[in-house]
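Participant:
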Amino acid sequence: MRTSARNTFRCTVSKVVEGPVNAEVLMDLADGQHLSAIITDRSVKDLGLVPGTEVFALIKSTFVILAAEDGLGKTSARNRLCGTVKTRDDGAVSSEIVLDLGGGTTVAAVVTKESAESLGLTVGDRACALIKASHIILAVA
Amino acid sequence: MRTSARNTFRCTVSKVVEGPVNAEVLMDLADGQHLSAIITDRSVKDLGLVPGTEVFALIKSTFVILAAEDGLGKTSARNRLCGTVKTRDDGAVSSEIVLDLGGGTTVAAVVTKESAESLGLTVGDRACALIKASHIILAVA
Amino acid sequence: MRTSARNTFRCTVSKVVEGPVNAEVLMDLADGQHLSAIITDRSVKDLGLVPGTEVFALIKSTFVILAAEDGLGKTSARNRLCGTVKTRDDGAVSSEIVLDLGGGTTVAAVVTKESAESLGLTVGDRACALIKASHIILAVA
Chain A
66 MRTSARNTFR CTVSKVVEGP VNAEVLMDLA DGQHLSAIIT DRSVKDLGLV
116 PGTEVFALIK STFVILAAED GLGKTSARNR LCGTVKTRDD GAVSSEIVLD
166 LGGGTTVAAV VTKESAESLG LTVGDRACAL IKASHIILAV A
Chain B
66 MRTSARNTFR CTVSKVVEGP VNAEVLMDLA DGQHLSAIIT DRSVKDLGLV
116 PGTEVFALIK STFVILAAED GLGKTSARNR LCGTVKTRDD GAVSSEIVLD
166 LGGGTTVAAV VTKESAESLG LTVGDRACAL IKASHIILAV A
Chain C
66 MRTSARNTFR CTVSKVVEGP VNAEVLMDLA DGQHLSAIIT DRSVKDLGLV
116 PGTEVFALIK STFVILAAED GLGKTSARNR LCGTVKTRDD GAVSSEIVLD
166 LGGGTTVAAV VTKESAESLG LTVGDRACAL IKASHIILAV A
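Residue numbers (the numbering used here), protein chains in the order written: chain A, 66 to 206; chain B, 66 to 206; chain C, 66 to 206.
1) Beta carbons nearer than 7 Å to chain A: which residues of the segment 125-142 of chain B have them?
2) Rank Ala133/A, Ser108/A, Ser126/A by C-alpha distance to the C-alpha of Phe74/A and give the top, closest one.
3) Straight-line CA distance for Val81/C to His200/C?
4) In the segment 150-173 of chain C, which residues sit with their C-beta less than 9 Å from some C-beta in chain B, listed in chain order?
5) What separation, rounded to the nearest whole angstrom, lies between the Cα atoms of Val90/B and Ala102/B?
6) If the cut is a Cβ gap below 8 Å, which residues of chain C does Ala88/A touch?
7) Please name the residue in Ile202/A, Thr140/A, Phe121/A whose C-alpha comes closest to that of Lys65/B.
8) At which residues does the alpha helix (DSSP H) containing Lys178/B begin and terminate?
9) Specify, as a first and last residue, the run of the beta strand (DSSP E) that Lys151/C falls within.
10) Is Asp190/B helix, strand or coil by DSSP?
11) Could one say the Cβ of Thr68/B lies closer than 8 Å to chain C's Cβ atoms, at least one of them?
12) With 16 other CB atoms within 10 Å as the buried threshold, where does Gly148/A fall?
13) Evaluate Glu161/A with the Cβ neighbour count: other Cβ atoms within 10 Å of its Cβ, from every protein chain shown; 16 or more gives buried, anything less gives exposed.
14) Throw me the rounded Cβ distance for the Leu146/A and Leu166/A pair, which I believe falls under 8 Å.
15) Counting beta carbon pairs with one atom in the segment 127-139 of chain C and one in the segment 175-191 of chain C, are three or more of them shorter than 8 Å?
16) Going along chain B in order, which residues have a C-beta closer than 9 Å to the C-beta of Gly84/C?
17) Would Leu186/B pass as a contact of Met66/A if the rule is Cβ separation under 8 Å?
18) With DSSP as the reference, label Arg71/A as helix, strand or coil.
19) Measure the alpha-carbon distance for Asp93/C versus Ser141/C and round it to whole angstroms.
20) Is the beta carbon of Val158/A sitting closer than 8 Å to the one on Ala88/C?
21) Answer yes or no: do Val150/A and Gly189/A have a C-beta to C-beta separation smaller than 8 Å?
22) DSSP three-state label for Thr127/C, please.
23) Determine the DSSP secondary structure at Asp96/A, reduced to helix, strand or coil.
24) Which first and last residues belong to the alpha helix (DSSP H) in which Ser108/B is found?
25) Name the chain C residues that come within less than 7 Å of Val176/A, Cβ to Cβ?
26) If we cut at 8 Å on Cβ distances, does Ser101/C have a partner in chain B?
27) Could you say which of His99/A, Ala95/A, Thr77/A lies nearest to Arg143/A if we only look at CA atoms?
28) Residues of chain A with CB closer than 9 Å to the CB of Lys110/C, please, in chain order.
29) Taking Val205/A as the query, report the chain B residues whose CB atoms sit under 7 Å from its CB, ordered along the chain.
30) Could you check the C-alpha separation between Asp111/A and Val109/C for me, to the nearest Å?
31) Please classify Ala204/C as buried or exposed, where buried requires at least 16 other C-beta atoms within 10 Å of its C-beta.
32) Suppose you measure from the CA of Pro116/A to the CA of Arg153/C; what does that come to, to the nearest Å?
33) Classify Ala206/C as buried or exposed, calling it buried when 16 or more other Cβ atoms lie within 10 Å of its own Cβ.
34) Can you pull the chain B residues whose beta carbon is under 7 Å from the beta carbon of Ile104/A, in chain order?
35) Please check the pair Gly156/A and Gly156/B, which I expect to be a contact at CB under 8 Å, by giving their CB distance rounded to whole angstroms.
36) Ends of the beta strand (DSSP E) at Ser160/B?
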């Protein structure tokens, strides 16, 4: 499966919390990190998601908020992936920044160029990617 | 009211599934396709949504994930609109791709240029737009 | 036109920065606060946006990330609206939290219940809403 989502993480479902409309799916990444996604109950059933199911978490780079790692307080974003700036490409309005999370894993973010400048992010800097659980699409092979 | 949302679909509500906070609104498009949106219960009440209500589904082009139609497995994205690439405009960081869904309907997506290149999307190719239900805003006239 | 977007802010465009695909639209709110939105160039033209244009900024509550005001560092989110928790409604999976920004303005966020609990947000607490510029839809009357 090939998609335009710049971020595709292979995960294993660890827990599914079902509500009347939405469900929260908790997942383990290979390197001990975790992800949380909110999808509809209907999708949980359609995809047959249970603990142990292998899934791909798709995250569009425009859904990622970057933050300086230092002084980053608590937020409601259920997903926080911290790493080192690997590349930064500036356009006229937007910048694409890729964080190296270690273990061969990266996360790409598209932010406004003004934000990239305001955060002063350059290659080698530490930064964190904040991702709301409701912005993750899950896929099964 | 005109909006910056590049995608506005005229739909008819077919079903509303209410939870304590969120509701899922199922809709029919004119051409037999369907859309699903997650909005708050409060909005369902404010807009007076019941089966039969005519609504507009607003979808920002940056919320759309594109996927090659071939080999596209199951995903949690409740909305999948497949068509043919009609136009592709590249910027320095982003590309805008418009799919022709047939029947005069189109869907616009903004993805990173790297994704557009990686998918090799050119005019005439088949592709699908994946849209999470929680990314759709509903409007009534 | 009424929409399901729980957050609708009346603004005046102060500046438009155009790129080849996307444009950043800077806006003033009535109370001296500012918003920034990323929309396509095409939408800027379709809506005729220039400094002085009155617009409505539509923001879905699921796109808002909440953060404790204390110790909140820099993020790439171009929009930060801080206020006091006015209401909190918990569902099985999601919680809706409304912040009172003062001057009769509020911002609603839907986060996972686990996040609401982890942040310990209760009525009267200070908190900030973080909103990515690319998650705002603009509308003109």
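The beta carbon of each residue, even a glycine, is placed where N, CA and C say it ideally should be. Model, not experiment: these values are computed from the prediction.
Facilitator: Result, derived from the coordinates:
1) Thr127, Ile130, Leu131, Ala132, Ala133, Gly136, Leu137, Gly138, Lys139, Thr140, Ser141, Ala142
2) The residue with the shortest Cα to Cα distance from Phe74/A is Ser126/A.
3) 17 Å
4) Asp154, Asp155, Gly156, Ala157, Val158, Ser159, Ser160, Glu161, Ala173
5) Our two residues, Val90/B and Ala102/B, have alpha carbons roughly 5 Å apart in a direct line.
6) Simply Val158.
7) Nothing in the structure corresponds to residue 65/B, since chain B is present only between 66 and 206.
8) 178-184
9) Counting along the chain, the beta strand (DSSP E) containing Lys151/C begins and ends at 144-155.
10) coil
11) yes
12) buried
13) buried
14) 6 Å
15) Cβ pair count under 8 Å is three or more, so yes.
16) Gly156, Ala157, Val158, Ser159
17) The criterion of a C-beta distance shorter than 8 Å is not satisfied by Leu186/B and Met66/A.
18) coil
19) 19 Å
20) The answer is yes: Cβ separation under 8 Å.
21) yes
22) helix
23) coil
24) That run of the alpha helix (DSSP H) goes 106-112.
25) Ser141
26) no
27) His99/A
28) Within 9 Å Cβ-Cβ: nothing; Lys110/C doesn't reach chain A, min ~15 Å.
29) Gly138, Lys139
30) 39 Å
31) Only buried fits Ala204/C, as 16 or more other CB atoms lie within 10 angstroms of its CB.
32) 31 Å
33) exposed
34) Ser141
35) 6 Å
36) 159-167
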